[in-house]
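Listed in order, the protein sequences are those of chains A and B. Just remember that the working numbering sits 1 ahead of the position in the first sequence, which is counted from 1. Just remember that the working numbering sits 61 ahead of the position in the second sequence, which is counted from 1. Report on the structure given below.
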Amino acid sequence: MQYIPNLIFALLLVAGVYFFVGNVKRIIRNIKLGKDVDRSDQKSERWANMARIALGQSKMVRRPVSGLLHIIVYAGFIIINVEVLEIILDGLLGTHRLFLPILGNGFYGFLIGTFEVLALLVLVAVIVFWIRRNVIKIKRFLNKEMTGWPKNDGNFILYFEMVLMSLFLIMNATDAHLQAAGIGNIVSQFIAPLFSGISPEGLHTIERVSWWIHITGILVFLNYLYYSKHLHILLAFPNTFYANLKAKGQFSNNKNVTKEVQLMMDPNADPYAAPAEDEGEPEKFGASDVTDLNWVQLMNAYTCTECGRCTSVCPANLTGKELSPRAIMMKTRDRLQEVGKNIEANNGTFQDDGKQLLGDDYITQEEIWACTSCNACVEECPVNIDPLSIIMDMRQYLVMEQSAAPQELNAMMQNVENNGAPWPYSQMDRLNWVNEE
Amino acid sequence: MSLIVPVIADLFAQGKEPDILFWVGSAGSFDDRAKKITRAFVKILNKANVNFAVLGTEESSSGDAAKRAGNEFLFQMQAITNIEVMNMYNVKKIVTACPHSFNTIKNEYPELGGNYEVFHHTQFIQQLVENGELDLSNAKLDAATITFHDPCYLGRANNEYDAPRFLLKALGGTNLVEMKRSKKDSLCCGAGGAQMFKEPEKGTMDVNDLRTQDALETNPNVIATGCPFCNTMLTDGIKNKKKEAEVQVKDVAELVAEALGL
């Protein structure tokens with residue numbers, strides 16, 4: 002009988018980890034639906050980027066208030082997890098504060114004290130975040146894509162963190178031994194008086210209940226990630242590692258097009274030659290669905306935490322256009338999830354559902370054509386997400402597969418084709434400026 | 062002042078080669094406002110005795126607008142044709158006053174066989190100054206408050222924020238004031254990504270008007286930029302605000318030429 006709590010704990014832990022691993026596998030499978038792109042070069046620069054941008058949060062602090070608050074929550078999250086290790090071991094072994102005798106009152110007290118201070122700071126930061134979202138109503142949290150689930154999701158995460166941090170502090174405040182010995186109770190000593198009238202047994206019960214809800218909450222939160230925008234806590238690392246390292250102005254050249262153009266311009270090529278037998282389906286130009294995007298673009302979609310810094314600097318969005326780079330990422334993820342579920346429901350193969358990422362269900366042509374390709378969104382993203390590359394791939398699809406460019410752009414392209422300039426001037430007049438005062 | 066503008070084919074016929082090719086670009090060749098920038102830059106090249114040449118009628122669209130409009134096929138046709146011409150003339154170095162040509166030739170041409178050292182004209186003029194080939198010590202403008210608008214394809218796209226500012230600061234009698242959104246955080250003029258050639262989508266205002274507001278907040282006499290498209294967009298923005306009597310939109314090269322009395 003005495004091992005029942007250990008058993009329940011072990012089952013809880015195994016279930017939590019089991020479902021989490023299942024979700025991770027789903028994410029990996031979905032990301033692998035993307036096309037191949039080689040990002041295996043310049044390893045040292047990639048590690049450096051990851052260290053600076055994900056670990057070091059260098060792009061977060063470009064906005065000092067939210068950046069600083071975020072660093073507090075981030076540092077708290079990582080450091081307090083050391084305590085979770087003890088909690089898990091205690092749960093499995095049926096011990097209470099296993100590390101206390103090992104580390105001694107002094108050092109253990111120092112650690113617990115640090116955790117308590119961090120927990121309080123995180124609690125304060127998270128409350129400020131909640132106020133920013135719900136009371137001050139900062140504009141980037143109010144764009145039209147931030148209604149319904151995305152808005153609730155943002156708040157749920159904050160409630161989760163508030164509850165977890167409070168439970169951690171209550172757990173310490175109601176730990177009679179910790180309070181009596183004054184071990185690291187820097188913050189919890191001020192909470193302990195709230196429970197002063199309660200019997201030792203009652204106090205112990207509150208301590209135990211807090212302990213159990215706290216660890217259960219952590220496991221639930223771990224599994225909430227998959228359904229939430231909060232995956233960035235994991236994916237920010239690979240996302241910054243695999244991000245584009247080239248100049249932001251360099252858009253990739255479509256290799257299949259190069260082959261065709263070179264063949265066209267080769268004076269020795271036989272225009273009537275039959276295509277080689279094994280060529281198969283002609284390659285589709287650009288992207289109309291998630292499977293046309295590359296895996297880094299799909300990982301970008303899962304990494305996006307919907308902070309909206311991209312949208313808040315987008316010239317199109319700032320002037321009231323439909324385009325929002327954040328919405329591009331959110332829609333890409335939603336469609337990818339839909340495709341993933343379709344694959345699961347159909348024994349591992351995708352069945353056409355009559356939908357596409359580009360179209361009325363998700364990203365509209367109006368959004369795609371409003372982009373100025375200015376790279377502000379790419380520059381701004383704290384984890385190096387690249388919404389622009391998706392927009393450009395979709396333009397390529399619209400023009401090369403659908404001939405669906407806006408009329409004025411067709412005219413511009415016709416001019417380039419006919420006379421080598423976007424305007425209808427003869428190439429022979431290219432030097433006229435020399436003699437015009 | 063008549064300009065000296067050698068054409069590369071003529072030089073070749075005489076058995077000569079230029080040190081650098083000046084890529085004029087479609088806007089620089091045909092747009093009335095941009096042609097003035099082209100001429101100002103040539104005046105500077107002439108003043109510094111740079112051995113340059115242009116492709117003249119052998120130049121064609123860089124393909125930037127086509128690529129950003131989604132027509133990869135047309136882009137690569139343009140790029141490969143231009144590369145064939147430039148490689149035939151053994152071109153090694155290129156300077157251009159258009160950040161769009163600068164970006165695409167520098168970054169997107171190499172994979173297609175065009176490997177050149179490419180400079181934006183502000184970078185090239187800075188080099189001339191630093192090498193002592195162009196003396197700006199007596200260059201002076203009449204008490205001008207200047208604000209610089211970073212072209213996206215020079216700034217964020219290629220991380221060049223300093224060259225134009227170096228030149229503007231080197232001119233006497235000027236005061237350079239930054240906009241609230243500048244350098245990495247600069248706001249687009251609204252022309253990039255082939256927007257120059259189409260009407261904007263439905264919205265609450267035009268991008269160039271918003272950027273013009275940014276610029277006007279600094280109370281400038283001159284809005285300087287380094288891109289023919291930005292120039293057009295901001296000039297229109299100034300007209301929309303009815304400020305054309307007080308505020309001028311100028312390219313950095315025009316300001317340098319003016320300060321040198323060219």
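Cβ coordinates follow ideal geometry from the N, Cα and C atoms, glycine included.
Below 8 Å, is the gap between the Cβ of F163 (chain B) and the nearest heavy atom of the ligand PLP?
Because no ligand of any kind appears in the structure shown, any question about the ligand PLP cannot be addressed here.
For Y363 (chain A), return the contacting residues in chain B, with the cut-off set at a CB-CB distance below 9 Å.
Near Y363 (chain A) there are no residues of chain B at all, since even the closest Cβ is about 17 Å away, more than 9 Å.
Got a sec: is the Cβ-Cβ distance from P383 (chain A) to anything in chain B below 9 Å?
Answer no: the Cβ-Cβ gap between P383 (chain A) and chain B never drops below 9 Å.
Applying a beta-carbon distance threshold of less than 9 Å, which residues of chain A neighbour L277 (chain B)?
Those within 9 Å of L277 (chain B) in chain A number zero; the least Cβ separation is about 16 Å.
Per-residue contacts from E172 (chain B) into chain A (C-beta, under 7 Å):
E172 (chain B) reaches chain A at N254, counting residues in chain order whose Cβ is nearer than 7 Å.
Close-in-space but distant-in-sequence residues of the same chain around I329 (chain A) (CB under 8 Å, 5 per side omitted)
Annotation for I329 (chain A): I364, E368, P388, I391, I392 place their beta carbon closer than 8 Å to its own, counting only its chain and skipping 5 residues before and after.
What are the partner residues of K154 (chain B), as DSSP defines its beta bridges?
Under DSSP, K154 (chain B) takes part in a beta bridge, and its partners are B:E178.
Within-9 Å CB hit, G139 (chain B) to chain A
According to the sequence shown, residue 139 (chain B) is Gln rather than Gly. For Q139 (chain B), the nearest CB of chain A lies under 9 Å from its own CB, placing it at the interface with that chain.
With a cut-off of 8 Å, do at least 3 Cβ pairs link the region 127-138 of chain B to the region 88-108 of chain B?
The answer is no - the region 88-108 of chain B does not touch the region 127-138 of chain B, with fewer than three Cβ pairs under 8 Å.
Determine the contact status of L248 (chain B) and K108 (chain B), defining contact as a CB-CB distance below 9 Å.
No; because the gap between Cβ atoms is not below 9 Å, this pair is not in contact.
Identity of the residue in A:S67, A:Y228, A:I103, A:Y19 nearest E87 (chain A) by Cα
Residue A:I103 holds the alpha-carbon nearest to the alpha-carbon of E87 (chain A) among A:S67, A:Y228, A:I103, A:Y19.
Using beta carbons (cut-off 9 Å, strictly below), is T374 (chain A) in contact with chain B?
Position check: residue 374 (chain A) holds Ser in this sequence, whereas Thr was assumed. In terms of beta-carbon proximity, S374 (chain A) lines the interface with chain B, with at least one pair separated by less than 9 Å.
Who pairs with L237 (chain B) in a beta bridge, going by DSSP?
Note: L237 (chain B) sits in a beta bridge opposite B:I207.
Please check if any C-beta of chain B sits within less than 9 Å of the C-beta of T241 (chain A).
Cβ-Cβ to chain B under 9 Å: no for T241 (chain A).
Extent of the continuous alpha helix (DSSP H) run through K332 (chain A)
Segment 326-346, the alpha helix (DSSP H) holding K332 (chain A).
Leaving out five residues on either side along the sequence, give the residues of the same chain with a beta carbon under 6 Å from the beta carbon of G254 (chain B).
Residues R129 of the same chain have their beta carbon placed closer than 6 Å to that of G254 (chain B), with the five preceding and five following residues left out of the count.
Exposed unless 16 or more other CB atoms sit within 10 angstroms - verdict on V22 (chain A):
Looking at its Cβ environment, which holds fewer than 16 other Cβ atoms inside 10 Å, V22 (chain A) is exposed.
Could you check which residue in A:C305, A:D290, A:M61 has the C-alpha nearest to that of L399 (chain A)?
The alpha carbon of L399 (chain A) has as its nearest neighbour, out of A:C305, A:D290, A:M61, the alpha carbon of A:D290.
Starting from V446 (chain A), trace the beta strand (DSSP E) in both directions and tell me its first and last residue.
The displayed coordinates of chain A run from 2 to 438. Any statement about residue 446 (chain A) would go beyond what the structure contains.
Mapping the DSSP letters down to three states, classify A140 (chain B) as helix, strand or coil.
Three-state result, A140 (chain B): helix.
Using DSSP's beta-bridge definition, name the partner residues of Q415 (chain A).
The partner list for Q415 (chain A) (beta bridge, DSSP) is empty, contrary to what the question assumes.
Near-chain A residues of the region 283-302 of chain B - C-beta to any C-beta below 9 Å
The residues in question: there are none.
Best match in A:S313, A:M395, A:A237, A:G250 for proximity to L294 (chain A) [C-alpha to C-alpha]:
Minimum Cα distance to L294 (chain A) is reached at A:M395.
N- and C-terminal bounds of the beta strand (DSSP E) containing K256 (chain A):
Here K256 (chain A) belongs to no beta strand (DSSP E); instead the alpha helix (DSSP H) covers 256-266.
Once DSSP output is grouped into helix, strand and coil, what is the label at D65 (chain B)?
The residue asked about is misnamed: residue 65 (chain B) is Ile in this sequence, not Asp. Correct three-state label for I65 (chain B): coil.
Leaving out five residues before and five after K140 (chain A) in sequence, what residues of the same chain have Cβ atoms less than 8 Å from its Cβ?
Short of 8 Å from the beta carbon of K140 (chain A), and not among the five residues preceding or following it, lie these beta carbons of its own chain, in chain order: S313.
Distance, Cα to Cα, V152 (chain B) vs V179 (chain B)?
Straight-line Cα distance between these residues: approximately 11 Å.
Just reading off the alpha helix (DSSP H) that W84 (chain B) is part of, what are its end residues?
The continuous stretches of alpha helix (DSSP H) do not include W84 (chain B), which lies in the beta strand (DSSP E) extending over residues 81-84.
Our contact map puts V283 (chain B) next to I186 (chain B) with C-beta atoms below 8 Å; I'd like the distance itself, whole angstroms only.
17 Å between Cβ atoms; not a contact.
Could you tell me whether the Cβ atoms of G309 (chain A) and T265 (chain B) are closer together than 9 Å?
No, the Cβ-Cβ distance between G309 (chain A) and T265 (chain B) is not below 9 Å.
Quick one: list the residues of chain B neighbouring K322 (chain A), beta-carbon separation under 8 Å, in chain order.
For K322 (chain A), the C-beta contacts it makes with chain B under 8 Å involve P261, E262, K263, G264, in order along the chain.
Looking only at its chain, what residues have a beta carbon closer than 8 Å to the beta carbon of A74 (chain B), apart from the 5 residues adjacent to it on each side?
There are no such residues.
Beta carbon proximity, P268 (chain A) to chain B, threshold 9 Å:
For P268 (chain A), the answer is no, since every Cβ of chain B falls outside 9 Å of its Cβ.
Within 10 angstroms of its Cβ, does D312 (chain B) collect 16 or more other Cβ (buried), or is it exposed?
D312 (chain B) is buried by the Cβ-count criterion.
Would you kindly check if the distance between the Cβ of T183 (chain B) and the Cβ of A224 (chain B) is under 9 Å?
By the CB criterion at 9 Å, A224 (chain B) and T183 (chain B) fall inside the cutoff.
What residue range is occupied by the uninterrupted alpha helix (DSSP H) comprising T304 (chain A)?
T304 (chain A) -> alpha helix (DSSP H) spans 296-304.
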